[in-house]
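Notes follow the structure.
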Amino acid sequence: NAGVTQTPKFRVLKTGQSMTLLCAQDMNHEYMYWYRQDPGMGLRLIHYSVGEGTTAKGEVPDGYNVSRLKKQNFLLGLESAAPSQTSVYFCASTGANEQFFGPGTRLTVL
Amino acid sequence: KQEVTQIPAALSVPEGENLVLNCSFTDSAIYNLQWFRQDPGKGLTSLLLIQSSQREQTSGRLNASLDKSSGRSTLYIAASQPGDSATYLCAVIGTYKYIFGTGTRLKGFS
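Keeping their order, the protein sequence lines are chains A and B.
Residue numbers for the first sequence, in this note's numbering: 1284 to 1393.
Residue numbers for the second sequence, in this note's numbering: 41 to 150.
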């Protein structure tokens, strides 16, 4: 039981490049989330999903897109990366009202 | 809009002392509250989940209380140890969404 996993762990992008972050969970959870964590700002919700095929905007959705084609996977895409998107990105899933986090992806946009 | 505050942002304590970490929230209409621990460069690890109908929850040296009417939760750590050095975050849980505080960092055990 791996819990919540994230790929990749680190990434450096140039401004304007695109990339996709992958989150996978093996706990059969319906709810999945993408957060970003910045110093002094805490965790902020980007997008979330309450089930396969559904997604919704969180607090800071601009510049990001998501897809939940399979229940166990939640993808976060950056179409045209900007330096303001330099952050640590965390994926989480919720089961029985308890939230479980992945190890994070550290993204730097130059 | 729900706001979650954790004060102080950082705390230095002598080893062996009992610790009290505070979490306050502005909207009492919450489902649950969860406390997490985050080590530097790592993801969040769940410590305790308090259901809205509960007043407290205990796990080992940890005890968390919840007072919805006053918008407060407190995490007690008994007999602090150097291994307790980390950032502790609380999150209030509404419909689907988790709102996080910015955390309290425990440091400088002596």
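Even glycine gets a Cβ: it sits at the ideal position worked out from N, Cα and C.
Requested in this report: Taking C-beta pairs closer than 9 Å, name the residues in chain B that Gln-1401 of chain A reaches, listed in chain order.
Outcome: With chain A represented from 1284 up to 1393, any question about residue 1401 of chain A goes unanswered, as that position is not in the structure.
Report task. Would you mind stating whether Ser-105 of chain B and Thr-98 of chain B have Cβ atoms separated by less than 7 Å? Result -> Taking the first residue of the second sequence as position 1, residue 105 of chain B is located at position 65. Taking the first residue of the second sequence as position 1, residue 98 of chain B is located at position 58. The answer is no: Cβ separation not under 7 Å.
Requested in this report: Please list the partners that Pro-1224 of chain A has in chain B, where partner means a Cβ-to-Cβ separation under 7 Å.
Outcome: Residue coverage of chain A in this structure runs from 1284 to 1393, which leaves residue 1224 of chain A outside it and unanswerable.
Requested in this report: Let me know the beta strand (DSSP E) ranges lying completely inside the stretch 112-147 of chain B, each 3 residues or longer, listed in chain order.
Outcome: 112-117, 126-133, 138-140 and 144-147
Report task. Figure out for me which residue from A:Tyr-1314, A:Gln-1368, A:Val-1349 and A:Cys-1306 has the closest Cα to the Cα of Leu-1393 of chain A. Result -> By one-based count along the first sequence, residue 1393 of chain A stands at place 110. Here the closest residue by C-alpha is A:Gln-1368.
Query raised in the report: Cβ of Tyr-1314 of chain A within 7 Å of Cβ of Val-1333 of chain A?
Result: By 1-based counting over the first sequence, the position of residue 1314 of chain A is 31. By 1-based counting over the first sequence, the position of residue 1333 of chain A is 50. In this structure, Val-1333 of chain A lies closer than 7 Å to Tyr-1314 of chain A by Cβ.
Requested in this report: Express the C-alpha separation of Phe-1357 of chain A and Gly-1336 of chain A in angstroms, rounding to a whole number.
Outcome: To locate residue 1336 of chain A, count along the first sequence from 1; it is residue 53. To locate residue 1357 of chain A, count along the first sequence from 1; it is residue 74. When rounded, the distance between both Cα atoms is 10 Å.
Requested in this report: Reducing DSSP to helix, strand and coil, say where Ser-1367 of chain A ends up.
Outcome: Here the question's residue 1367 of chain A lines up with position 84 in the first sequence. It is helical.
**Report entry** Distance CB(Gln-42 of chain B)-CB(Asp-67 of chain B) smaller than 7 Å
**Finding:** One-based indexing of the second sequence puts residue 42 of chain B at position 2. One-based indexing of the second sequence puts residue 67 of chain B at position 27. Contact flag set, yes.
**Report entry** Residue from A:Asp-1321, A:Met-1310, A:Ala-1285 and A:Gln-1308 whose Cα sits closest to the Cα of Leu-1390 of chain A
**Finding:** Along the first sequence, read from residue 1 onward, the residue named residue 1390 of chain A stands at position 107. Of the listed residues, the one whose Cα sits closest to Leu-1390 of chain A is A:Asp-1321.
Requested in this report: Tell me, to the nearest whole angstrom, how far the beta carbon of Val-44 of chain B is from that of Gly-141 of chain B; I am working on the premise that it is less than 8 Å.
Outcome: Within the second sequence, the letter at position 4 stands for residue 44 of chain B. Within the second sequence, the letter at position 101 stands for residue 141 of chain B. Val-44 of chain B to Gly-141 of chain B, Cβ: 4 Å. Contact.
**Report entry** Neighbour flag for Tyr-136 of chain B against chain A, beta carbons, 7 Å
**Finding:** What you label residue 136 of chain B is simply residue 96 of the second sequence in a count that begins at 1. Yes, Tyr-136 of chain B lies at the interface with chain A (some Cβ there is under 7 Å from its Cβ).
Report task. With 9 Å as the limit, tell me which residues of the stretch 1330-1349 of chain A have their beta carbon closer than that to any beta carbon of chain B; keep them in chain order. Result -> Tyr-1331, Val-1333, Ala-1339, Gly-1341 and Glu-1342
Report task. May I have the straight-line CA-CA distance separating Gln-76 of chain B from Leu-1361 of chain A, to the nearest angstrom? Result -> For the purposes of this step, residue 76 of chain B is taken as residue 36 along the second sequence, with counting starting at 1. For the purposes of this step, residue 1361 of chain A is taken as residue 78 along the first sequence, with counting starting at 1. Residue identity differs from the one stated: residue 76 of chain B is Phe in this sequence, not Gln. Spanning the two alpha carbons is a distance of roughly 28 Å.
Query raised in the report: So who's on the other strand from Tyr-1314 of chain A, going by DSSP bridges?
Result: On the first sequence, residue 1314 of chain A is found 31 positions in, with the first residue counted as 1. Beta bridge pairing from DSSP links Tyr-1314 of chain A with A:Thr-1377.
Requested in this report: Check whether the Cβ of Asn-103 of chain B lies closer than 7 Å to any Cβ atom in chain A.
Outcome: Here the question's residue 103 of chain B lines up with position 63 in the second sequence. No - not a single Cβ of chain A is within 7 Å of the one on Asn-103 of chain B.
Query raised in the report: Along chain A, which residues have their Cβ under 7 Å away from the Cβ of Phe-140 of chain B?
Result: Residue mapping note: residue 140 of chain B aligns to position 100 of the second sequence, counting from 1. Result: Gly-1325 and Leu-1326.
Requested in this report: Leaving out five residues on either side along the sequence, give the residues of the same chain with a beta carbon under 8 Å from the beta carbon of Thr-1338 of chain A.
Outcome: As a working mapping, residue 1338 of chain A is identified with position 55 in the first sequence. These residues qualify, in order along the chain: His-1330, Tyr-1331, Ser-1332, Val-1349, Ser-1350 and Arg-1351.
Requested in this report: Could you tell me whether the Cβ atoms of Gln-1397 of chain A and Tyr-136 of chain B are closer together than 7 Å?
Outcome: As shown, chain A starts at 1284 and ends at 1393. That puts residue 1397 of chain A outside it, with no answer to give.
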